[in-house]
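Working notes for the structure below.
Number of protein chains: 6
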Amino acid sequence: MGVVVQNIRRADRSAADAFAKYGVATVHEAQARTGLLAVRIKSIQVGAHISGTAVTVSVPPADNWMIHVAVEQCQEGDVLVVAPTSPSCAGYFGELLATALMARGVRGLVIDAGCRDVAELTRMGFPVWSSAISAQGTVKETLGNVNVPVVCAGASINAGDVVVADDDGVCVVRRGEAERVLKLCREREAKEAKTRERLKAGELGLDIYGMREKLAARGLVYRDATTEPGRER
Amino acid sequence: MGVVVQNIRRADRSAADAFAKYGVATVHEAQARTGLLAVRIKSIQVGAHISGTAVTVSVPPADNWMIHVAVEQCQEGDVLVVAPTSPSCAGYFGELLATALMARGVRGLVIDAGCRDVAELTRMGFPVWSSAISAQGTVKETLGNVNVPVVCAGASINAGDVVVADDDGVCVVRRGEAERVLKLCREREAKEAKTRERLKAGELGLDIYGMREKLAARGLVYRDATTEPGRER
Amino acid sequence: MGVVVQNIRRADRSAADAFAKYGVATVHEAQARTGLLAVRIKSIQVGAHISGTAVTVSVPPADNWMIHVAVEQCQEGDVLVVAPTSPSCAGYFGELLATALMARGVRGLVIDAGCRDVAELTRMGFPVWSSAISAQGTVKETLGNVNVPVVCAGASINAGDVVVADDDGVCVVRRGEAERVLKLCREREAKEAKTRERLKAGELGLDIYGMREKLAARGLVYRDATTEPGRER
Amino acid sequence: MGVVVQNIRRADRSAADAFAKYGVATVHEAQARTGLLAVRIKSIQVGAHISGTAVTVSVPPADNWMIHVAVEQCQEGDVLVVAPTSPSCAGYFGELLATALMARGVRGLVIDAGCRDVAELTRMGFPVWSSAISAQGTVKETLGNVNVPVVCAGASINAGDVVVADDDGVCVVRRGEAERVLKLCREREAKEAKTRERLKAGELGLDIYGMREKLAARGLVYRDATTEPGRER
Amino acid sequence: MGVVVQNIRRADRSAADAFAKYGVATVHEAQARTGLLAVRIKSIQVGAHISGTAVTVSVPPADNWMIHVAVEQCQEGDVLVVAPTSPSCAGYFGELLATALMARGVRGLVIDAGCRDVAELTRMGFPVWSSAISAQGTVKETLGNVNVPVVCAGASINAGDVVVADDDGVCVVRRGEAERVLKLCREREAKEAKTRERLKAGELGLDIYGMREKLAARGLVYRDATTEPGRER
Amino acid sequence: MGVVVQNIRRADRSAADAFAKYGVATVHEAQARTGLLAVRIKSIQVGAHISGTAVTVSVPPADNWMIHVAVEQCQEGDVLVVAPTSPSCAGYFGELLATALMARGVRGLVIDAGCRDVAELTRMGFPVWSSAISAQGTVKETLGNVNVPVVCAGASINAGDVVVADDDGVCVVRRGEAERVLKLCREREAKEAKTRERLKAGELGLDIYGMREKLAARGLVYRDATTEPGRER
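Laid out in structure tokens, this is it:
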């Protein structure tokens, strides 16, 4: 209750930065479909795409005091991750806090609660993923924790983990897994590039992925609507 | 369980295409306020507006195998319609499947589940209406059905029906009703164009639609806040 | 049941207009965090920002007859505020009603229900904040009330009150409070401008707001991950 | 911000008490379908049915301090009505507060937030209508208001109004309307008792209410499935 | 728009009645996991369990006129199935309509909208499955249809189909499939009875269902927390 | 992907069992308001109250294969905790699995997904806390994990932790914290027993907790409705 962990170990900087080349879907697949935050976390802007190292904040409902505390713990390349201890859609975060974070080189915010000043945040170019947009003000009365492990929108996140976010949502990669997952992303992209070309050329996934046999084995049946018209409905 | 109906009868091509000139609200009104999908189906892009003939897919929750099967059944002018057999917000569909569908001339996707690769789908110009955006991967384990009647987001849709979609949502027109409904759309638009001009000129709907008498008959009362100030609150 | 209050007293025009310079978050804070509508009310367009005087409409579920009645009560600088007597996501409002309102100088619509013709409303430049987007048509069968007090999305609104709306949502200011709240908005903005400059320059909110002492008094503890590695997890 | 209004005027005691004989649906209909709280307010027990005079509390999100303040303002025959200033599902209320309220003769609680100790509240026989059940604790840090007008679950409620609650939900009757609405409830019940007997005897509502003519005028058509089998589907 | 289909063909009476011996889960499994209504449809009473033949009603939002029309079409052993043409949680149905239906031998109601008079319906022993409980009154202004195919809570239902409902929800069986599915239910129950005895005796499903081999083939790995303590977390 | 951890360390049996004497709210408060699962997890029965040691299962959406695997890992005094890797409301669990778990002395189930056979589970006396009730069947196709750390309904749970559940919801206590938290529960109960007696006797929380001074310091104002009637509204 009221702890700020300083000097956290962060994922390797160049690895953390390199994830921004890959979509959240790619990262999530590369690490065996893990790490995804719940779909209620949405980008408030179109087209934002970032990666960085997590500074985590556990906050009371409708109280943003600890975000002010967390700013000081942030550095270039971080992503602030805020999780309330019980559900809240209040507007914890606006353009003043964004100004403070931008001054420290923070890449963006992920918050399982509300943010506000959406128009101004967009003008500033500060990306936010939140579960609500709300002008509702918050108080500064109760302590929380900075850089302790949090569950944010159903995903467990530790300080220093890599956070990747785009229009599809947000994914977390464990600090110690960053290089390994990054390599898998690269391989996946390379493989998909080839598949993409074949699909563009009109080949079917059924053939490229060799699905026909397995489908038949499972019992898939093809019928013809023109010769069995009664079957159609 | 595991049927693909081939060579379905589709609504007349030119009729199916002509619907794209009319908004979903117009089509829905023209056919006596029927055919609308639930509001949870939203466009992932701003300003998309399509019409086409439905290829329907009934899929298990979080399993997109049958979409790969369905691609082969699609042709120029189709719209793929995907309905899970139980609710799912997983990301069944991304840019690779879109690439395959575009190669076949498919107009867009309507899915009562999640899609992913939103940024890339937008860059490609492939329109999607979905009930969720989620990077969550799906498996390829269980059969479903292609071109059987489905209920998608509360609307009953048959293969070959016309699907119209814009920023307001999605509407289905029965294959056999396409020409008749198209004609009603045309008439409705013509009528509304005249009303629009009168409204722009400052006429009131109360007068254009002749509502005053019916309102009075129902007992509508006008009071004056300045002479009855106590009434105001 | 079926009352239209005419000649309502509106908030001072120049005050009502001046609110459009301030964000909804600022207005909400300036009046002690009151007046906010629920987060389900969202702008259907990006970047809209208006203020004006409320013309209120209480409508039955899925019946938009009274909106036609309300148009006549609107004048330059008004914002139409529509609240159903029981929840509805039907599409009460589209481009024809918007045409009628624009002809009278109405600034926009706030509705705790659905609107439709989103693409056309955007082209016309008529801003709408709604709790749903739906093409679903409504009937014209049952009376409601115009310019009586309503509860709209959880906020109590009277005819003539000031309504402010932007990308963050919608806030109402009591008619008799408009000038006072406006003054507080101005002061808040001025104060925040100074804070913003200091934050941009790298000062911390912890110092600007003098929070360190209060945090320590509450028992906030700083730990070091490098010297107490076990603590980190 | 921080006001307790004492010595409020309450609706007439015998009228307030008499409402408990009538279901919420009857009261809501008797006053022209007004006064109903949103459906998210549900009884935590089966079969509870109360009426009483409202003591209103406006509370901050996840902060129950003002409920402790409100207890002192309650007297025999009251119903405590609690509305958060922004949405919260925290557990504001449990068996200790219920013990305090029962000691003062309070009939029950209506809260647009969470309550806890559900099993114990049921054993004690203290009825609660809430929008959530949650053990989540709340803080005691920020002031609110007692006996000011509140919007609770979409309904405007003033201190001293009558609150009626049963398994169907909660309805509010304005203090000044209590006797008039009570009389209408009585009349409605008497009329329905007669209708009920006729329906039990097998008469149809179509005939009792004389609906057939109006239905025919609107164009209702009867078809026969056996002679027009194609029509059936 | 405004059609009542009379003299519908119903599923065989004894088959329709026999389904009440089987749980909804059993029926749903017996017909290959089809026919289930969405989970928002819940019993308002604990322990109700019915089956019967569907009389279907398509109603406008917040308008229950057609339910009055439908009563006349009901007979002994029917279940009334009501689907609004657009979402509504209004209270379409209460104890007077239940009285009328009970007088005709109707088994219960399934409605994708609200019902009211819950306490009285329970006292009367009239079972209801609904998507909401709400005292909100409805009007009698707009026509709908009786005994046409409807989509109710995501399931397609035709007049005369069998409806089975219990604490788990509601399932529909096509009229022409009733005997076949009933037989499958019987077989499934018999088989499960044997499995149940083996499980009670302490046998494992892994062995009874012969899963171990398939699990191993898929790569399931067993680790020991005591010898690999680091693995545990 | 596909790991079963065997021979997990469980919290001390007598401590784990002793928690069942305390309500979830008490446990949650005793450990500084942590450990609560989200409110969507509700008991399917009234009055159930258990505690036990967690056996955790991470399952794919709509696939219950791993629950069959987990049964073998359960022993007397355990509580099965099931978390899907992406949201699902399918009916993973019914009376056959409950029969298997009861044969092993398992106390109950906590699942962030659907269960079915609610009536039978209640007759058997097997308590379940779930986020949905649904008859929807699941497949047995994809591996998951047993006794790895999971996030269930927003709470991080490790195998061997203590799980406490009652009508208020579910709370988790870390294995290593069980004795300490248990002691705090005892102390809290003792303290509350004294407060309860004073409240029953009519004392006010304002006085018992000594709140008056702090309230006054924060600026709480008392007004009198009878002498300042204008203030009341």
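Residue numbers (our numbering), protein chains in the order written: chain A, 1 to 233; chain B, 1001 to 1233; chain C, 2001 to 2233; chain D, 3001 to 3233; chain E, 4001 to 4233; chain F, 5001 to 5233. Ideal Cβ positions, reconstructed from N, Cα and C, are used throughout, including at glycine. Model, not experiment: these values are computed from the prediction.
| said: Please state the DSSP three-state secondary structure of Val5148/F. | reply: Residue state, collapsed to three classes: coil.
| query | Would you say Gly176/A and Leu37/A are within 8 Å of each other, going by their C-beta atoms? | reply | The Cβ atoms of Gly176/A and Leu37/A lie no closer than 8 Å to each other.
| query | Just to confirm, are Val3027/D and Cys3185/D a CB contact at a threshold of 8 Å? | reply | Yes, these two residues count as a Cβ contact at 8 Å.
| query | For Ala2016/C, which three-state DSSP category applies? | reply | Ala2016/C carries a helical assignment under DSSP once its states are collapsed to helix, strand and coil.
| So does the segment 4154–4173 of chain E actually touch the segment 4086–4103 of chain E, counting three or more Cβ pairs closer than 8 Å? | They do not touch, by the three-pair rule.
| said: Would Arg1033/B pass as an interface residue toward chain E - the criterion being a Cβ-Cβ separation below 8 Å? | reply: Yes - at least one Cβ of chain E is within 8 Å of the one on Arg1033/B.
| query | By Cβ distance below 7 Å, which residues in the same chain neighbour Arg13/A in space, the five residues on each side in sequence not counted? | reply | If you ignore the 5 residues before and after Arg13/A, its C-beta comes within less than 7 Å of the C-beta of Gly77, all in its own chain and listed in chain order.
| Pair within 8 Å by beta-carbon distance, Glu141/A and Val3146/D | No, the Cβ-Cβ distance between Glu141/A and Val3146/D is not below 8 Å.
| Looking at the structure shown, is Thr5034/F part of a helix, part of a strand, or coil, going by DSSP? | In the structure shown, the three-state DSSP call for Thr5034/F is coil.
| task | Using the Cα positions of Leu2199/C and Cys74/A, report the straight-line distance between them to the nearest angstrom. | result | Distance between the alpha carbons of Leu2199/C and Cys74/A: 14 Å.
| request: Determine which residues of the segment 3–32 of chain A have a Cβ less than 7 Å from any Cβ of chain C, and write them out in chain order. | output: Cβ contacts with chain C come from Val3, Val4, Val5, Gln6, Asn7, Ile8 and Arg9.
| query | Who are the neighbours of Ile1133/B on chain A, taking C-beta pairs under 8 Å? | reply | Listed along chain A, the residues sitting closer than 8 Å to Ile1133/B by beta-carbon distance are Val39, Lys42, Asp167, Asp168 and Gly169.
| query | Taking only beta-carbon atoms, is Gly2144/C less than 8 Å away from chain D? | reply | Gly2144/C does not count as touching chain D.
| task | Kindly indicate which residue of Met5211/F, Ala5135/F and Ala5193/F has the alpha-carbon position closest to the one of Ala4032/E. | result | When the alpha-carbon of Ala4032/E is set against those of Met5211/F, Ala5135/F and Ala5193/F, the nearest one is in Ala5135/F.
| said: On the DSSP bridge list, what partners appear for Thr1056/B? | reply: Looking at the DSSP output, Thr1056/B sits in a beta bridge with Val1081/B.
| said: Against chain D, does Ala4096/E count as a neighbour if the rule is that its beta carbon must be under 8 Å from one of theirs? | reply: Sequence inspection shows Leu at residue 4096/E; the Ala mentioned does not correspond to that position. Taking a beta-carbon distance threshold of 8 Å, Leu4096/E counts as an interface residue toward chain D.
| task | Have a look at Ala159/A and Val81/A and give me their C-alpha separation to the nearest angstrom. | result | Within the model, the alpha-carbon separation for Ala159/A versus Val81/A is close to 9 Å.
| task | Would you identify the three-state DSSP class for Gly3091/D, choosing helix, strand or coil? | result | For Gly3091/D, the three-state secondary structure derived from DSSP is strand.
| query | Do you know offhand how far Leu1220/B's Cα is from Ile4044/E's? | reply | The C-alpha of Ile4044/E is placed about 38 Å away from the C-alpha of Leu1220/B.
| Given a limit of 8 Å on CB to CB distance, which residues of the segment 4080–4111 of chain E reach chain B? | For the segment 4080–4111 of chain E, the residues whose beta carbon sits under 8 Å from a beta carbon of chain B are, in order, Thr4085, Ser4086 and Pro4087.
| task | For Ala4225/E, go through chain F and note every residue whose CB falls closer than 9 Å to its CB, in chain order. | result | Per Cβ cutoff of 9 Å: Val5005, Gln5006, Asn5007, Ile5008, Arg5009, Asn5147, Ala5159 and Gly5160.
| Contacting positions in the segment 3040–3073 of chain D - beta carbon closer than 7 Å to chain F | Per Cβ criterion, the list reads His3068, Val3069, Val3071 and Glu3072.
| task | Could you check what DSSP says for Arg1040/B in three-state terms: helix, strand or coil? | result | For Arg1040/B, the secondary structure class from DSSP, reduced to helix, strand or coil, is coil.
| message | In this structure, how does DSSP classify Cys4115/E when only helix, strand and coil are distinguished? | response | The answer is strand: DSSP assigns Cys4115/E an E or B state.
| field | Listed by chain order, chain B residues near Val2181/C by CB distance under 8 Å | value | Here the premise fails: no neighbours, minimum Cβ distance about 20 Å.
| request: Drop a sphere of 10 angstroms on the beta-carbon of Ala4048/E, count the other beta-carbons inside from all chains shown, and report buried for 16 or more, exposed for fewer. | output: With 16 or more Cβ atoms within 10 Å of its Cβ, Ala4048/E is classed as buried.
| In chain order, what residues of the same chain lie with their CB nearer than 8 Å to the CB of Ala1015/B, ignoring the 5 residues before and after it? | The beta carbon of Ala1015/B sits closer than 8 Å to the beta carbons of Val1162, Ala1178, Glu1179 and Leu1182 from its chain, once the five residues preceding and following it are set aside; these are given in chain order.
| query | By the criterion of Cβ-Cβ separation under 8 Å, what are the contact partners of Glu3192/D in chain E? | reply | Ordered by position in chain E, the residues that pass the 8 Å Cβ test against Glu3192/D are Leu4096.
| query | If you count every other CB in all the chains shown that lies within 10 Å of the CB of Ala2190/C, and 16 or more means buried, which is it? | reply | Exposed is the call here.
| query | Helix, strand or coil: which one does DSSP assign to Arg3174/D? | reply | Arg3174/D falls in the coil class under three-state DSSP.
| For Leu109/A, three-class secondary structure by DSSP | DSSP places Leu109/A within a strand segment (E or B) once states are collapsed to three.
| Could you give the distance in angstroms between the alpha-carbon of Lys2042/C and the alpha-carbon of Ala4113/E? | Roughly 25 Å between the two C-alpha positions.
| field | Cβ-based burial, Arg1233/B [other Cβ within 10 Å; buried from 16] | value | Here Arg1233/B scores only 41 on pLDDT, less than 50, and its place in the model should not be relied on; the value that follows carries that caveat. Classification of Arg1233/B: exposed, given that the 10 Å Cβ count is below 16.
| query | Under the three-state reduction of DSSP, which class applies to Asp1207/B: helix, strand or coil? | reply | DSSP, reduced to helix, strand and coil, places Asp1207/B within a helical segment of the structure shown.
| said: Please report the distance separating the alpha-carbon of Thr4053/E from that of Met4124/E. | reply: Near 21 Å, if we compare the C-alpha coordinates of Met4124/E and Thr4053/E.
| said: Quick check on Gly3023/D: buried or exposed, where buried means 16 or more other Cβ atoms within 10 Å of its Cβ? | reply: Buried, since its Cβ has 16 or more Cβ neighbours within 10 Å.
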